[in-house]
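Residue numbers (our numbering): 420 to 1160.
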């Protein structure tokens, strides 16, 4: 039997045998039904034999030889069932679902035809040793294994691509001699020619993908679904080369499927969106999960006319009326990406449009120093597989701000218009000034429902943002937007070879978040340096707290690398590296941090005076508190959290001075921590509001409410969880339940 894993705790198995066959293109044709909470339809897979097996057939001398590991053996049966046990796994548990293609600067693992192999030395995640690569064993049938979970597979059939008019031009070079295999070879030849068309013929390629996906079936295939996989075979076919290269899989999602969330938006209207975690898209469609398995896709999605379909696609789709009350949306992607980056969101979203002329609207009106991006005029070729690349497009290299749209529930339209809509061109332009050409041709930004489990998520052509970034001015919204835009380069255009090193992409995005935001605000060099030192100290404090509460083995990012001392200090050793400890002391001396320290001293003295005065309401000497930046407020509240006792009147004065109700979510989170720590009853309403509206950040507060063993606080925790549990993200709900019960 397959290994039983808990995706909330365990790493997930990569079941797909990508060494043998790679999906080069997916065509999805889906209906979204909100009444049944099911997505139903089919996906057509266009496959290419892995480079390791190209040109090898069942009649060749180089027929596939058995390379089975003891944990990945086939049990012979008429059904072709493939039990798997103890398969080694790689993590896909990630806050941001944004890993992808190998780009310039990475070792190219493609063959001369641009087809990636997934060998152990290339990816580090897939071989006969640590992945269930199932192939021909003796005289048994070859099995195609796909990553799949929580799906009802109804039928699998071979697609007769040879029946499509015009595909005969793809078979002119075919040498067909075996009459008995002529049709099968012809179909595979057509698919091979189609998936290897040069990039300048991408429109023709998409056209034939569409036509072939609608071709009739030419025989059902045997299949078995397991907990984590879909296994497909064709009787009598023993090698990947002879296996059908175009398959159609009819299936349904399940309401409880963990790849999509069925919920309501902030206006109370139904919606559904992809989670990104904990199991990526394997409960949305059968796919190949490893980040090295690159593919393109196109999708037609039908749903009720009142809904808007957003997707990771290069085109800004406009709906087509199919029949009364039903519309169809079509998107496509020509840049090969991992299937885990496919994203969809269907809801009654409203497009936010400018009702006035903003100060920043066009590329020319918002200027940043161009000298730092002068390198963009180079004509060097990129190092990735062939596709219609924007980096080689002269017009794209001059596009400072790519076309963008903003979508949100009706009740958040005004807030998005006032803040978010104006920030996007500033942040895009700042990114361009720093890194040059945008990797993607357009961008949609969607404010997702309140149960979204993080502040943001980047996918090709679309960014999900939590509603928590909207209140409290532009700071949190701008920095988060900059972070997700940075993932277009680091995490999407260039991605991890496997999921054990996602921290690299996060590191780049976190660093560039500060750079982009400083340029978007057009800060001076000194202002930029001061803000970055303040931010660095906040992150250092967060890291210090994480290290104090983490097991040593979880603090080692890599093992066994001792070639250079940097590996030892930063990757192979637990605890905070010594250079970072020293740097942390330096950041404490920066101007903005020193300003915060001065304000903390004032508050401590104010608290002491209030305590001494007791209940007497004698007039206090008026203290003048300085205005602070949002990050300074976060640091101020963190310092005050280290104080043993703060009086209720001090907390009241603190809230009034900085109008903490109206600050961004990062500030309000620290305020809620102070309220809980000091059992400040007048602030319990702020805690309840935070737990209800800021679910991307509020999980930690439940634990704080319980640890004090205060009856009122525990009652508040139970009350908030009961109200939010049904709509809460599944993994967050499980964590909170463990805290409360």
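Glycine included, every Cβ here is placed at the ideal spot set by N, Cα and C.
Using only the alpha-carbon positions, how far apart do residue i and residue j sit?
{"i": "residue 612", "j": "residue 755", "result": "17 Å"}
{"i": "residue 803", "j": "residue 1105", "result": "50 Å"}
{"i": "residue 651", "j": "residue 854", "result": "44 Å"}
{"i": "residue 1025", "j": "residue 1076", "result": "13 Å"}
{"i": "residue 849", "j": "residue 888", "result": "19 Å"}
{"i": "residue 630", "j": "residue 639", "result": "20 Å"}
{"i": "residue 443", "j": "residue 664", "result": "10 Å"}
{"i": "residue 1137", "j": "residue 1159", "result": "7 Å"}
{"i": "residue 861", "j": "residue 1010", "result": "39 Å"}
{"i": "residue 1047", "j": "residue 705", "result": "51 Å"}
{"i": "residue 622", "j": "residue 585", "result": "15 Å"}
{"i": "residue 1097", "j": "residue 919", "result": "40 Å"}
{"i": "residue 1001", "j": "residue 1008", "result": "12 Å"}
{"i": "residue 925", "j": "residue 456", "result": "33 Å"}
{"i": "residue 1090", "j": "residue 1130", "result": "20 Å"}
{"i": "residue 937", "j": "residue 945", "result": "11 Å"}
{"i": "residue 997", "j": "residue 900", "result": "32 Å"}
{"i": "residue 606", "j": "residue 735", "result": "33 Å"}
{"i": "residue 882", "j": "residue 929", "result": "16 Å"}
{"i": "residue 777", "j": "residue 927", "result": "With a pLDDT of 48 at residue 777, under the threshold of 50, the modelled position of this residue cannot be trusted; read the value that follows with caution. Those two C-alpha atoms are separated by around 31 Å."}
Where do the ends of the alpha helix (DSSP H) carrying residue i lie?
{"i": "residue 875", "result": "Here residue 875 belongs to no alpha helix (DSSP H); instead the beta strand (DSSP E) covers 875-878."}
{"i": "residue 609", "result": "601-614"}
{"i": "residue 1031", "result": "1010-1032"}
{"i": "residue 1002", "result": "997-1006"}
{"i": "residue 458", "result": "Run containing residue 458: none in the alpha helix (DSSP H); it sits in the beta strand (DSSP E), 457-468."}
{"i": "residue 667", "result": "No alpha helix (DSSP H) holds residue 667; the beta strand (DSSP E) holding it covers 665-672."}
{"i": "residue 883", "result": "Residue 883 -> not in any alpha helix (DSSP H); beta strand (DSSP E) instead, spanning 881-884."}
Mapping DSSP to helix, strand and coil, what is residue i?
{"i": "residue 1099", "result": "coil"}
{"i": "residue 904", "result": "helix"}
{"i": "residue 809", "result": "helix"}
{"i": "residue 574", "result": "strand"}
{"i": "residue 1115", "result": "coil"}
{"i": "residue 730", "result": "strand"}
{"i": "residue 826", "result": "strand"}
{"i": "residue 1122", "result": "helix"}
{"i": "residue 1153", "result": "helix"}
{"i": "residue 659", "result": "coil"}
{"i": "residue 747", "result": "strand"}
{"i": "residue 1047", "result": "coil"}
{"i": "residue 589", "result": "helix"}
{"i": "residue 1041", "result": "coil"}
{"i": "residue 630", "result": "helix"}
{"i": "residue 1141", "result": "helix"}
{"i": "residue 721", "result": "strand"}
{"i": "residue 1092", "result": "helix"}
{"i": "residue 623", "result": "helix"}
{"i": "residue 1160", "result": "coil"}
{"i": "residue 889", "result": "coil"}
{"i": "residue 712", "result": "coil"}
{"i": "residue 742", "result": "strand"}
{"i": "residue 566", "result": "strand"}
{"i": "residue 820", "result": "coil"}
Within the continuous beta strand (DSSP E) that includes residue i, where are the two ends?
{"i": "residue 448", "result": "440-452"}
{"i": "residue 1068", "result": "Unbroken run through residue 1068 is the alpha helix (DSSP H), 1067-1077; no beta strand (DSSP E)."}
{"i": "residue 978", "result": "Element bounds for residue 978: n/a, residue is neither H nor E."}
{"i": "residue 682", "result": "679-683"}
{"i": "residue 638", "result": "636-639"}
{"i": "residue 691", "result": "689-693"}
{"i": "residue 764", "result": "763-766"}
{"i": "residue 675", "result": "Unbroken run through residue 675: none, as it is neither H nor E."}
Check whether the Cβ of residue i sits closer than 8 Å to any heavy atom of the ligand PLP, and report yes or no.
{"i": "residue 828", "result": "Ligands displayed in this structure: none; no statement on the ligand PLP is therefore possible."}
Can at least three beta-carbon pairs, one atom from the stretch 1107-1122 and one from the stretch 1143-1160, be found at a separation below 8 Å? yes
Does the stretch 557-573 come close enough to the stretch 661-675 to have 3 or more Cβ pairs within less than 8 Å? yes
Please specify which runs of the alpha helix (DSSP H), each continuous and at least 4 residues long, are wholly inside the stretch 892-945, giving them in chain order. 894-905, 921-939
Would you call the stretch 740-750 in contact with the stretch 655-669, where contact means no fewer than 3 C-beta pairs closer than 8 Å? no
With three or more beta-carbon pairs closer than 8 Å as the criterion, would you say the stretch 828-846 touches the stretch 908-915? no
Which runs of the alpha helix (DSSP H) fall wholly inside the stretch 835-877 and span at least 4 residues, in chain order? 840-854
So, does the stretch 709-723 touch the stretch 439-454, judging by three or more C-beta pairs under 8 Å? yes
Can at least three beta-carbon pairs, one atom from the stretch 708-716 and one from the stretch 862-870, be found at a separation below 8 Å? no
Spell out a yes or no on whether the stretch 764-774 and the stretch 682-693 are touching, meaning 3 or more CB-CB pairs, one atom from each, closer than 8 Å. yes
Is the number of C-beta pairs between the stretch 838-852 and the stretch 937-955 that are closer than 8 Å three or more? yes
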